[in-house]
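Undergrad: There's a structure below that I have some questions on.
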Amino acid sequence: MSRLATRFGQLKSQQRKALVSYVMAGDPHPEVTVPLLHQMVDAGVDVIELGLPFSDPMADGPVIALAAERALAGGTNTLNALEMVKEFRQKDNETPVVLMGYLNPVEVIGYEKFVAYAHECGVDGVLLVDLPPEEADDLKIVLQKYDMDQIFLLAPTSTDARIQHVVKQASGFIYYVSLKGVTGAATLDVSEAAARIQKIKTETDVPVGVGFGISDAASAKAMGVAADAVIVGSAFVKQFATLAPEQAVVETVNKVKELRAALDELV
């Protein structure tokens, strides 16, 4: 059984919600990332989403786009990010790690080489935000060869046909985008998102996580009622835009504890 299936199964048996944290690999510099991941797990993160820095992150808002710029300026590329997972696995062989990024760097490396090395480093799944599900079969074949999950996005604008395609193809979990817009957007319609998540969950047994717009305990708890997982990114990443790295790590860990406590109130 995959790490993702194991982790979601454990949480379901405990009637708990998964806290999924997004971290940009190499932000603000490479030495920060792996120790930060370990501290976030210790504070209550269940699944790590590791961002692959890219120069044209069209689905991301300014917080994560600037994080990608900082990471690239610090010398982190896609292969470096995979090596960070390999280092993380030296101490943690249980926490699932999903890569989140864009298609171009993966195509440059090549599907087979990228997935084979990701698997060797201990990656559990891949989410490429600009790869439509209808065009993802070639990558899916390679991921299945290495027993890795392919994560897909669904959004408020997703058609019934897109939803049906994703629920048939997805594994690991489905990422429901709660907002129409880019990452870090501020306006969250909880009731609309909850209704859409419930509809998706009637179509599949694959866990459904919700992200975009979740920034505090209240929004995490509200979305956790309907979803299997709450995905938080910009609320963590923004700490590194204004604070010294050491203080940003402290604030990020405190935010994890706040969100974990809120989700555990749903038990």
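What the sequence shown shows, in full-length UniProt numbering, is residues 1 to 267, in sequence order. A virtual CB, placed ideally from N, CA and C, is assigned to each residue, including glycine. Values in this document were obtained by computation on a predicted structure and should not be read as measured data.
On the three-state DSSP scale, how would you describe F212?
TA: What you label residue 212 is simply residue 212 of the sequence shown in a count that begins at 1. In this structure, F212 counts as coil in the three-state DSSP scheme.
Undergrad: Find out if the Cβ-Cβ distance for the pair D46, L72 is shorter than 8 Å.
TA: Your numbering for residue 46 matches position 46 in the sequence shown. Your numbering for residue 72 matches position 72 in the sequence shown. No, the Cβ-Cβ distance between D46 and L72 is not below 8 Å.
Undergrad: Count Cβ pairs between the stretch 247-255 and the stretch 75-95 that sit closer than 8 Å; are there 3 or more?
TA: No, because fewer than three Cβ pairs between the stretch 247-255 and the stretch 75-95 fall closer than 8 Å, the two stretches do not touch.
Undergrad: Counting along the chain, where does the alpha helix (DSSP H) carrying V142 start and finish?
TA: Counted from its first residue, the sequence shown places residue 142 at position 142. That run of the alpha helix (DSSP H) goes D137 to K145.
Undergrad: Which residue from Q10, L36, M1 and I109 puts its Cα closest to that of Q247?
TA: Counting from 1 along the sequence shown, the entry for residue 247 is found at position 247. It is L36 whose Cα lies nearest to the Cα of Q247.
Undergrad: What are the start and end residues of each continuous beta strand (DSSP E) run of 3 or more residues lying completely inside the stretch 46-134, in chain order?
TA: List check, beta strand (DSSP E) in window: 47-51, 97-101 and 125-128.
Undergrad: In this structure, does DSSP put D205 in helix, strand or coil?
TA: Taking the sequence shown and counting its residues from 1, one reaches residue 205 at position 205. In this structure, D205 counts as coil in the three-state DSSP scheme.
Undergrad: Expressed to the nearest angstrom, what Euclidean distance is found between the alpha-carbon atoms of E265 and A155?
TA: Reading the sequence shown from its first residue, position 265 is the one you call residue 265. Reading the sequence shown from its first residue, position 155 is the one you call residue 155. The alpha-carbon atoms of E265 and A155 are separated by roughly 27 Å.
Undergrad: Per the contact definition of three or more C-beta pairs closer than 8 Å, is the stretch 91-102 in contact with the stretch 125-141?
TA: With a cut-off of 8 Å, the stretch 91-102 and the stretch 125-141 count as touching, because enough Cβ pairs lie within range.
Undergrad: According to DSSP, I197 sits in a beta bridge with which residue or residues?
TA: Within the sequence shown, the letter at position 197 stands for residue 197. Paired residues: none, contrary to the question.
Undergrad: Whether or not the stretch 160-178 and the stretch 195-205 are in contact is what I'm after, with contact meaning three or more pairs of Cβ atoms, one per stretch, closer than 8 Å; do they touch?
TA: With a cut-off of 8 Å, the stretch 160-178 and the stretch 195-205 count as touching, because enough Cβ pairs lie within range.
Undergrad: Could you name the residues that DSSP lists as bridge partners for S21?
TA: Residue 21 sits at position 21 when you count from the first residue of the sequence shown. In DSSP, S21 forms a bridge with I48 and V232.
Undergrad: Taking D147 and S2 to be in contact with their CB atoms under 8 Å, please state how far apart those CB atoms are, rounded to whole angstroms.
TA: For the purposes of this step, residue 147 is taken as the residue at position 147 of the sequence shown. For the purposes of this step, residue 2 is taken as the residue at position 2 of the sequence shown. The Cβ separation is near 7 Å, so the contact holds.
Undergrad: Q247: beta carbon under 7 Å from a heavy atom of the ligand NAP?
TA: Summarising the ligand content, the structure contains no ligands, and the ligand NAP is consequently not present.
Undergrad: What three-state label does DSSP hand D42 in the structure shown?
TA: Residue numbering aside, residue 42 sits at position 42 when the sequence shown is read from its first letter. Here D42 sits in helix by DSSP.
Undergrad: Given this structure, state the Cα-to-Cα distance separating R89 from H119, to the nearest angstrom.
TA: Translated into positions along the sequence shown, residue 89 becomes position 89. Translated into positions along the sequence shown, residue 119 becomes position 119. Whole-angstrom Cα-Cα distance: 12 Å.
Undergrad: Taking the straight line between their C-alpha atoms, what separation do you get for A262 and G44?
TA: Counting from 1 along the sequence shown, the entry for residue 262 is found at position 262. Counting from 1 along the sequence shown, the entry for residue 44 is found at position 44. Roughly 11 Å separates the two Cα atoms.
Undergrad: Express the C-alpha separation of L11 and S158 in angstroms, rounding to a whole number.
TA: As a first step, residue 158 must be located in the sequence shown, where it is residue number 158. As a first step, residue 11 must be located in the sequence shown, where it is residue number 11. The straight-line gap from Cα to Cα measures roughly 28 Å.
Undergrad: Kindly give me the distance between the Cβ atoms of D27 and V177, rounded to whole angstroms, as I take these residues to be in contact under 8 Å.
TA: Here residue 27 refers to the residue found at position 27 of the sequence shown. Here residue 177 refers to the residue found at position 177 of the sequence shown. With a Cβ gap of about 22 Å, D27 and V177 do not count as contacting.
Undergrad: Counting C-beta neighbours from all protein chains within 10 Å, is the total for Q14 16 or more, i.e. buried, or is it exposed?
TA: Taking the first residue of the sequence shown as position 1, residue 14 is located at position 14. Exposed is the call here.
Undergrad: What do you reckon, are the CB atoms on A241 and V63 nearer than 8 Å?
TA: One-based indexing of the sequence shown puts residue 241 at position 241. One-based indexing of the sequence shown puts residue 63 at position 63. Going by C-beta atoms, A241 is nearer than 8 Å to V63.
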